[in-house]
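Below: one structure, written as structure tokens.
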Amino acid sequence: MRNAEWGMMRAMLLRQPEPVGQNPLELTDLPLPEPLPGQVRLRVRACGVCHTDLHLAEGEIATPRLPIVPGHQVVGVVEALGQGVNRFAVGDRVGVPWLYSACGQCEYCRRGQENLCDHARFTGQHADGGFAEFMVVPADFAYPIPAGFPDEQAAPLLCAGVIGYRSLRLSDIRPGGRLGLYGFGASAHVTIQVARHWGCQVYVFTRSAEHQRHALELGASWVGQAEDTPPHPLDSAITFAPAGWLVPHALRVLRKGGTLAINAIHMSPIPELPYALLYGERTVRSVANATRQDAGELLQLAAEIPLRTDVELYPLEEANTVLQRLKRGQVRGAAVLKIGE
Ligand SMILES: [Zn+2]
Ligand SMILES: [Zn+2]
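The following block contains the structure:
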């Protein structure tokens, strides 16, 4: 942070996508970003690391801008205001999610589907994100963080939490229903808490014994592997792993009329499947990004329930290590970079 008075900041910069084993992020000094009209500058305190960062670092998701600072689950303190900002004041603690901006004009924005905006920009993909000591963000796309959440606990809510919440909504699960979760990482461990709050029974499918234990601790009714058959057909299911082969397995245990929501920005091909798995009015749908309303609702629920996130903390300069652990499925809960005070 001593750099700031010299107009510089430390950041983990992605110059060129590479397998994470080759440490694609580089610790670099960058000029302090200046907030444009409508933007605020944050002093970053914590930033979560998610699978999307892994896909970006390895080039499975294209970055239209290189080099770039990844990181889109940012908790920071407003430190400078661009012209015309009155939504926040200097000193406010705010969060920044994946949706960095939407145009407000296209047919999706006008329909309340700004997550599908034709001109959407994403944090850490189109604009520098939170793997840095400072960042700028449009004030309208930042959110107050409820009091009582430590920075590192709040960070995973901003992507893992918000996208998990949207997946729950799109899975059409009703209070008291039976919900399947495939994969049990950062997003699922928040999603299960909301589902339990709604009185749902939750069935968790994961290979990792550690993740199975974690699911039981958080109230899962049953745990097993993706190939297993739970004791009851499920009303809804959500897949969290970027593995297309899970889809026929999840459909196989879904009741007639049930919905499978795919929470993945990138996925290996879905294998050919017999029509009988889909017949009976089953629905398969993807979940893409999230709206400002999703973020607002999830943060409110987080304070009400209250949601608890399990986090592994790392310093900024260990971001490559975190990506490697994430790739190997070794993170329990969510991984978070602790960056400033
Ligand atoms: Zn738009
Ligand atoms: Zn994410």
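In the numbering used here, the protein residues as written are 971 to 1311. All residues carry an ideal CB built from backbone N, CA and C; glycine is no exception.
Asked                                                                                                                                                                 : Found
Could you tell me if THR1209 is buried or exposed, where buried requires 16 or more neighbouring beta carbons within 10 angstroms of its beta carbon?                 : buried
Counting pairs of beta carbons, one from the region 1106-1119 and one from the region 1010-1018, are three or more of them closer than 8 angstroms?                   : yes
Should CYS1170 be counted as a contact of ligand 2 given a C-beta to heavy atom distance under 6 angstroms?                                                           : no
I need the boundaries of the alpha helix (DSSP H) containing ASP1264, first residue and last residue.                                                                 : 1262-1274
Residues bridged to GLU1282 by DSSP?                                                                                                                                  : ALA1305
With respect to the alpha helix (DSSP H) encompassing TYR1245, which residues constitute its N-terminal and C-terminal limits?                                        : That residue, TYR1245, is in no alpha helix (DSSP H); it is neither H nor E in DSSP.
On the CB-based measure, 16 or more other CB atoms within 10 Å of its CB, does ALA1112 come out buried or exposed?                                                    : buried
Check for me: the beta strand (DSSP E) holding CYS1017 runs from which residue to which?                                                                              : 1009-1019
What distance in whole Å lies between the Cβ atoms of VAL1014 and GLY1094, which are believed to be in contact at a cut-off of 8 angstroms?                           : Actually they do not touch by this definition, with Cβ atoms about 12 angstroms apart.
Does at least one heavy atom of ligand 2 sit under 6 angstroms from the Cβ of CYS1017?                                                                                : no
Take GLN992 as the anchor and find which of VAL1306, ALA1289, ALA1304 and ILE1309 has the nearest alpha-carbon.                                                       : ALA1289
Is any heavy atom of ligand 1 found at a distance shorter than 6 angstroms from the C-beta of ALA1258?                                                                : no
If we count Cβ pairs, one from each stretch, closer than 8 angstroms, do we get three or more for the region 1033-1052 versus the region 1060-1072?                   : yes
With respect to 6 angstroms, is the separation between the Cβ of THR1022 and the closest non-hydrogen atom of ligand 2 below this value?                              : yes
How about ALA1097: is its Cβ closer than 6 angstroms to a heavy atom in ligand 1?                                                                                     : no
Taking the CB atoms as reference points, tell me whether ALA974 and THR998 lie closer together than 7 angstroms.                                                      : no
Report buried or exposed for THR1279, applying the criterion of at least 16 other Cβ atoms within 10 angstroms of its Cβ.                                             : buried
When every heavy atom of ligand 2 is checked, does at least one fall within less than 6 angstroms of the C-beta of CYS1073?                                           : no
Report all residues from its chain with a CB closer than 6 angstroms to the CB of VAL1306; omit the five preceding and five following residues, and keep chain order. : ALA1016, GLY1018, GLU1122, ALA1125, VAL1281 and LEU1283
Work out the CA separation of GLY1227 and ALA1213 for me, nearest whole Å.                                                                                            : 23 angstroms
Is there contact here, the region 1138-1150 with the region 1081-1097, by at least three beta-carbon pairs under 8 angstroms?                                         : no
Assuming PRO1244 contacts LEU1224 under a Cβ cut-off of 8 angstroms, what Cβ separation, rounded to an integer in Å, is found between them?                           : Incorrect: roughly 14 angstroms between the Cβ atoms, too far for contact.
Assuming VAL1172 and LEU1138 are in contact, meaning their beta carbons sit under 8 angstroms apart, how far apart are those beta carbons, in whole angstroms?        : Actually they are not in contact, since the Cβ atoms of VAL1172 and LEU1138 sit about 11 angstroms apart, beyond 8 angstroms.
Relative to the alpha-carbon of GLY977, which residue among PRO1116, ARG1177 and PRO1003 has its alpha-carbon at the smallest distance?                               : PRO1003
Pick helix, strand or coil for LEU1277, following the three-state DSSP scheme.                                                                                        : coil
Using C-beta distances below 7 angstroms, list every residue in its chain close to PRO1116, excluding the 5 sequence neighbours before and after it, in chain order.  : LEU1269, ALA1272 and ALA1273
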